[in-house]
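Please read the structure below before turning to the comments.
Numbering (the working numbering), first residue to last: 19 to 87.
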């Protein structure tokens, strides 16, 4: 299953971002999330873990902190 990030904004908008860690450019994934977050005030959550830390999530998916996604 591909990792999924769900973002909720105060305007009740929701956006689902799904990506493939082996082929995704993680800098691009982080940039897209950050831009959406800044534009809408949305709070991103990892659907699998419920974590609200998008950068920690992406690093974990790529194995940078020793965790496996």
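C-beta: ideal position from N, C-alpha, C; glycine also. In this text the structure is predicted, and so the values were computed from the model without any measurement.
### Query
Using the C-alpha atoms, what's the distance from residue 57 back to residue 40?
28 Å
### Environment of residue 70 [buried if 16+ CB atoms lie within 10 Å]
exposed
### Query
Roughly how far, in whole angstroms, is the beta-carbon of residue 25 from the beta-carbon of residue 60, given that I think they are within contact range, below 8 Å?
4 Å
### Task
Inspect the beta-carbon positions of residue 50 and residue 37 and report whether they are closer than 7 Å.
No, the Cβ-Cβ distance between residue 50 and residue 37 is not below 7 Å.
### Query
Under a three-way DSSP split, which group does residue 58 fall into?
helix
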